[in-house]
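Visitor: Residue numbers (the UniProt record's numbering), protein chains in the order written: chain A, 1 to 220; chain B, 1 to 295.
All C-beta atoms in this analysis are idealised placements derived from N, C-alpha and C, irrespective of residue type, glycine included.
Remember, predicted model here, so these are calculated numbers, not experimental data.
1. Report yes if the CB atom of residue 141 of chain A is closer than 8 Å to the CB atom of residue 121 of chain A, and no otherwise.
2. List the whole-angstrom C-beta distance separating residue 79 of chain A from residue 149 of chain A, where the pair is believed to meet the contact cut-off of C-beta under 8 Å.
3. Distance cutoff 8 Å, beta carbons only. Does residue 195 of chain B sit that close to anything in chain A?
4. Which bits of chain B does residue 217 of chain A rub up against, with CB to CB less than 8 Å?
5. Beta-carbon within less than 6 Å of residue 24 of chain A's beta-carbon, same chain only, minus the 5 sequence neighbours each way: which residues are those?
6. Please name the residue or residues paired with residue 179 of chain A in a DSSP beta bridge.
7. Using the Cα positions of residue 130 of chain B and residue 45 of chain B, report the straight-line distance between them to the nearest angstrom.
8. Considering only their Cβ atoms, is the gap separating residue 97 of chain B from residue 225 of chain B smaller than 8 Å?
9. Sort B:262, B:156, B:201, B:145 by Cα distance to residue 11 of chain A and report the nearest one.
10. So residue 138 of chain B is in the alpha helix (DSSP H); what residue range does that whole segment cover?
11. My guess is that residue 214 of chain B and residue 54 of chain A are in contact by the Cβ rule of under 8 Å, so how many angstroms apart are they, rounded?
12. Pull the bridge partners of residue 105 of chain A from the DSSP assignment, please.
13. Tell me which residue opens and which closes the beta strand (DSSP E) that residue 134 of chain A is part of.
14. Determine whether the Cβ of residue 127 of chain B lies closer than 8 Å to any Cβ atom of chain A.
15. Output, in chain order, the set of chain B residues within a Cβ distance shorter than 8 Å of residue 58 of chain A.
16. How many whole angstroms separate the CB atoms of residue 200 of chain B and residue 230 of chain B, which I take to be in contact at a CB cut-off of 8 Å?
17. Determine the contact status of residue 57 of chain A and residue 65 of chain B, defining contact as a CB-CB distance below 8 Å.
18. So what does residue 117 of chain A bridge to, in DSSP terms?
19. Can you pull the chain A residues whose beta carbon is under 7 Å from the beta carbon of residue 287 of chain B, in chain order?
20. Determine the closest residue to residue 297 of chain B out of B:148, B:216, B:198, with distance taken between C-alpha atoms.
21. Closer than 8 Å, CB to CB, is residue 5 of chain B near chain A or not?
22. I'd like to know if residue 12 of chain A contacts chain B, where contact means its C-beta is closer than 8 Å to some C-beta of that chain.
23. Comparing C-alpha positions only, which one of A:153, A:136, A:88, A:61 sits nearest to residue 209 of chain A?
24. Nearest-angstrom Cα distance between residue 71 of chain A and residue 77 of chain A?
25. State the beta-bridge partners of residue 274 of chain B as determined by DSSP.
26. Could you spell out where the alpha helix (DSSP H) holding residue 26 of chain B opens and where it closes?
27. Assuming residue 45 of chain A and residue 14 of chain A are in contact, meaning their beta carbons sit under 8 Å apart, how far apart are those beta carbons, in whole angstroms?
28. Give me the chain B residues within the contact set of residue 54 of chain A, using Cβ-Cβ distance strictly less than 9 Å, ordered along the chain.
29. Could you confirm whether any beta carbon from chain A is found closer than 8 Å to the beta carbon of residue 27 of chain B?
30. Strictly below 9 Å CB to CB, what residues from chain B border residue 169 of chain A?
31. So with Cβ pairs under 8 Å, would you call residue 12 of chain B a contact of chain A?
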């Protein structure tokens with residue numbers, strides 16, 4: 001079953017006009033913001049496929065910037081997101097790319113400040129649901145059908161066990177899990193799809209593990 | 001968990017309860033949330049729908065492209081003139097469905113039912129029926145759960161995406177969902193809800209998704225209008241005792257298979273249908289500032 005909840009059908013509450021091109025775009029931007037963890041100084045956004053062709057008309061541009069400002073799909077400030085970003089000193093660069101991607105609704109978002117930056121590739125698969133397909137060069141397959149945890153950690157023994165133990169203690173079941181790294185012994189990424197949304201207590205507990213650098217949750 | 005309409009109806013009949021109640025209980029089971037929480041979430045969605053309808057029929061809503069806005073309000077004025085041919089309830093539903101989609105096109109706040117492009121049909125019919133049937137707030141919330149139950153079956157067995165299945169999957173699904181919910185609100189049986197859904201969806205089969213300039217405006221707003229009127233007619237037919245010769249689940253399956261054979265030019269790519277008409281292309285060029293010969 002692709003859809004589990006009645007609120008996938010009657011919902012989400014959102015700013016129009018398109019669940020895929022507006023609500024989905026806002027969610028991609030917001031995941032990037034959550035992953036970065038703070039307000040960025042700049043954002044470079046590239047649109048591909050249908051996003052590239054119709055982003056102005058669909059408000060995909062304001063929606064994705066709204067997401068970067070940490071606004072949810074229903075936040076009316078999305079409409080003025082470009083102006084607000086400018087006021088808050090976030091430099092926005094946007095481009096429509098010709099390159100052909102696997103999915104017609106694809107966006108690449110690079111956000112950062114003087115200290116750090118992250119790069120996220122997201123696709124909008126319909127009805128406001130999204131998938132993240134790339135994070136800082138790590139290829140992901142985050143379905144977007146379940147709540148998920150993205151955990152950046154040191155590529156070292158015990159990382160998976162430590163995380164799994166905490167989830168087990170809180171009776172959180174893992175539906176799907178992937179571990180990837182760019183280089184042995186350096187930074188690694190754990191992507192864990194879980195059956196229910198993880199609350200703040202669990203996130204804090206996971207974050208406090210010495211081996212864990214960063215924890216980001218993606219809600220259902 | 002019900003997987004199709006037949007199982008949904010069987011559950012409602014065996015438990016001697018409404019379809020909405022089956023959906024509420026399933027939501028509680030799946031999410032582990034309490035009844036109050038689940039009803040509370042839906043109440044919040046209902047509030048958003050109510051505000052969108054009100055905004056669309058009272059304010060001068062305009063989309064950024066200028067293609068849509070103001071028709072829901074125009075129809076309300078016409079209804080008040082007393083000259084309407086198709087009746088007040090029907091036109092009120094049509095007006096409120098368009099109002100919702102006009103607010104959507106203008107980047108207003110709406111609740112996707114089941115998508116943003118088809119967000120007018122379910123609330124449009126509900127807020128028109130409210131005037132005639134005087135439902136309680138609780139009954140209005142139940143209406144959304146009943147609609148959601150049928151949408152849930154369509155989403156899992158066919159599609160609710162225009163890019164995947166054409167407009168039949170969006171406005172078609174919304175129309176079937178509304179027809180079924182109207183029957184429940186009007187006191188019909190669970191089986192009659194299924195008949196209404198089948199009748200409504202049958203009349204939406206083959207509907208393509210061909211939005212001008214790729215925007216959720218033309219013809220989406222007026223398709224929601226026709227979806228709302230279709231839903232009311234189908235509900236009345238089912239309440240009168242008319243049954244669909246093709247069972248509801250088979251109609252849903254037919255919709256899915258039609259979607260699979262639909263060319264991509266007619267599935268939300270703005271390459272065919274109304275989007276590819278001379279006027280459609282002209283509007284597109286004007287909105288995006290691209291010369292026509294580069295299309």
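Guide: Based on what the coordinates show:
1. no
2. Not a contact, Cβ separation roughly 31 Å.
3. no
4. Neighbours of residue 217 of chain A on chain B: none; closest Cβ ~17 Å, over 8 Å.
5. 124, 128, 130
6. A:190
7. 16 Å
8. yes
9. B:145
10. 137 to 157
11. 4 Å
12. A:49
13. 129 to 135
14. no
15. 214, 215, 216
16. 6 Å
17. yes
18. A:112
19. 57
20. What is shown of chain B runs 1 to 295, which leaves residue 297 of chain B out entirely.
21. no
22. yes
23. A:153
24. 7 Å
25. Paired residues: none, contrary to the question.
26. 19 to 31
27. So it is not a contact: roughly 20 Å between Cβ atoms.
28. 213, 214, 215, 270, 288
29. yes
30. Residues of chain B passing the Cβ test: none, with the nearest at roughly 18 Å.
31. no
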